[in-house]
Amino acid sequence: MKSPIVLKIISLESSFTSSEYEISQFVINNPDYVIANSISELANKINTSEASINRFCRKVGFKGFNKFKMALAQSNTQLDRMSENEVDADNLLDYITYDYQQMILSTCALLEKEDVEEVASLIPLASKVFMYPIYTTSFVVGEFSFKLRQLGIDVIELKDHLEAQLAIEYMNSDSLLITVVPSVTSKGVLPFLDKIRTKNVKTVLISENDNPKLSDLIDVKILIPGSMTAKNPLVISNSPMISLVFDIIYATILKNNKAFRQRKLSSDTIIDSFEAAESARYEW
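Going by the working numbering, the letters in the sequence shown line up with residues -6 to 277, in that order.
The following block contains the structure:
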């Protein structure tokens, strides 16, 4: 499992300059050295300037090197307390289960309570919620859309890029767009968000990586760990991490609204009775 600071750095890799990327790789691979040494010693070690290191620290969300070093030390200490138990790589059941456990913990580490609460407040207030998934994220987005409809929330799923472009015409300042993408560098994502901004649409982004350009384009950004940070990146899916984020948002919506809780219970009762009616014919 990687620390939240390292996960944040990895999420920003696509936006780094060559110098920033070099610094990031050293930090990821040598966190103990960064924690134990001064900025001048680090600059000499990786053959860069102190100014470049400070710029890198600001880019990943800290005021300077000292603040960054303190946060890195704290996150590493927390990680040490959760020291990994040895998992037998030949036992795929344990090995892949362990991978998912670590990814879920990493997702929780990246989540900010304030962001979750803001999304949970935006959804009920929107006249329409537009859900825009890309690639495999469509499966988990479909489930979340269904759960929102159970509460009486008007949800429109945008199936592809063309449908998303056409939907812009029907969006306004009362609309909410939730975009779920593996990467913000996916084709057409940034230009699409740029167009949306001109309509004053409230926008939420859930993605595996970050980009400084997003700051002016979206209202809430939620990062999840990418599957490439797992031990088994060829088989690990990002769906459980997205589902966890959605479930936490959904739980927050229900917690804050008694009427929604009642609607959910009524909807579940209808679904349960429908399933019972269908299964009766097969009972002996």
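Every residue, glycine too, gets a C-beta built ideally from N, C-alpha and C.
Since we're looking at a predicted model, the values are computed, not measured.
Check your understanding: Based on the DSSP secondary-structure assignment, which residues constitute the bridge partners of E150?
Key -> M124
Practice item. Can you check the segment 181 to 224 for any alpha helix (DSSP H) of at least 4 residues that lies completely inside it and give the ranges in chain order? Key: 182 to 190
Review point. Is DSSP giving T100 helix, strand or coil here?
Key: helix
Exercise for review: Return helix, strand or coil for S168, following the three-state DSSP convention.
Suggested key: strand
Practice item. Pick out whichever of T130, F61, V122 has its Cα sitting closest to the Cα of K1. Key: F61
Review point. Opposite V174 in the DSSP bridges: which residues?
Key: S200
Exercise for review: Say whether the segment 18 to 35 touches the segment 99 to 110, bearing in mind that this needs 3 or more beta-carbon pairs closer than 8 Å, one atom from each stretch.
Suggested key: no
Check your understanding: On the three-state DSSP scale, how would you describe L115?
Key -> helix
Review point. Closest to S11 by CA distance: which of S(-4), K(-5), I39, L35 is it?
Key: I39
Exercise for review: Specify, as a first and last residue, the run of the alpha helix (DSSP H) that N37 falls within.
Suggested key: 32 to 38
Check your understanding: Which residue's Cα is closest to the Cα of I116: I246, N84, L86, A44?
Key -> I246
Check your understanding: With distances taken between CB atoms, is the gap from V238 to L35 smaller than 8 Å?
Key -> no
Practice item. Look at L198 and T172 and say whether their C-beta atoms are less than 8 Å apart. Key: yes
**Study point:** Buried or exposed by the 16-neighbour rule on C-beta atoms within 10 Å, applied to T196
**Key:** buried
Exercise for review: Check whether the segment 134 to 153 touches the segment 106 to 115, taking contact to mean three or more Cβ pairs, one atom from each stretch, closer than 8 Å.
Suggested key: no
Review point. Is any heavy atom of the ligand ZN found at a distance shorter than 7 Å from the C-beta of S33?
Key: This structure simply doesn't include the ligand ZN, nor any ligand for that matter.
Review point. Taking all protein chains shown into account, do 16 or more other C-beta atoms lie within 10 angstroms of the C-beta of I(-2), making it buried, or fewer, making it exposed?
Key: buried
**Study point:** Reference T85; option with closest CA among Q18, V228, S(-4), N37
**Key:** Position check: residue 85 holds Leu in this sequence, whereas Thr was assumed. When each option's Cα is compared against that of L85, the closest is V228.
Review point. For G57, does the three-state DSSP call read helix, strand or coil?
Key: coil
Review point. Is it right to say K214 is buried, meaning 16 or more other beta carbons lie within 10 angstroms of its own, or is it exposed?
Key: buried
Point to revise | For N165, the nearest candidate out of I242, R142, N193, N22 (CA to CA) | key: N193
Practice item. Could you work out which residue in Q255, L183, Y243, S266 is closest to Q158 when comparing CA atoms only? Key: L183
Review point. Do you know how far the Cα of K52 is from the Cα of E43?
Key: 14 Å
**Study point:** Cβ neighbours of L118 in the same chain (closer than 6 Å, five flanking residues each side left out)
**Key:** none
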